[in-house]
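The sequence shown lines up with residues 2 to 52 when you count with our numbering.
Backbone N, C-alpha and C define an ideal beta-carbon position, used for all residues, glycine too.
These notes concern the structure reproduced below.
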Amino acid sequence: NAMIRSTVSTNELKYLIQKALTDDLGKEQFFKGIDASYYYEGYYEIKTEDL
2 NAMIRSTVST NELKYLIQKA LTDDLGKEQF FKGIDASYYY EGYYEIKTED L
């Protein structure tokens, strides 16, 4: 719902994202994010753990 309403007001989306941010970002978490991004774009063949 926040994504739908974000075209009108970005405040709710910013609030949700800020609550999810962390300073504790290890290498494993970083690469999980990359994998998730590639999966979203349709790339399923290679995972960062295989590189």
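Local conformation of residue i per DSSP, three classes
{"i": "Glu13", "result": "helix"}
{"i": "Lys48", "result": "coil"}
{"i": "Gly34", "result": "helix"}
Residues of its chain near residue i, where Cβ-Cβ distance is below 8 Å and the 5 sequence neighbours each way are ignored
{"i": "Leu26", "result": "none"}
Own chain residues within Cβ distance below 7 Å of residue i, not counting five before or after
{"i": "Thr11", "result": "none"}
From the options, residue whose alpha carbon lies closest to that of residue i
{"i": "Leu52", "options": "Ala37, Glu42, Leu14 and Phe32", "result": "Phe32"}
{"i": "Glu50", "options": "Glu42, Thr23 and Lys28", "result": "Lys28"}
Proximity of residue i and residue j at Cβ, strictly below 9 Å
{"i": "Asp36", "j": "Lys48", "result": "yes"}
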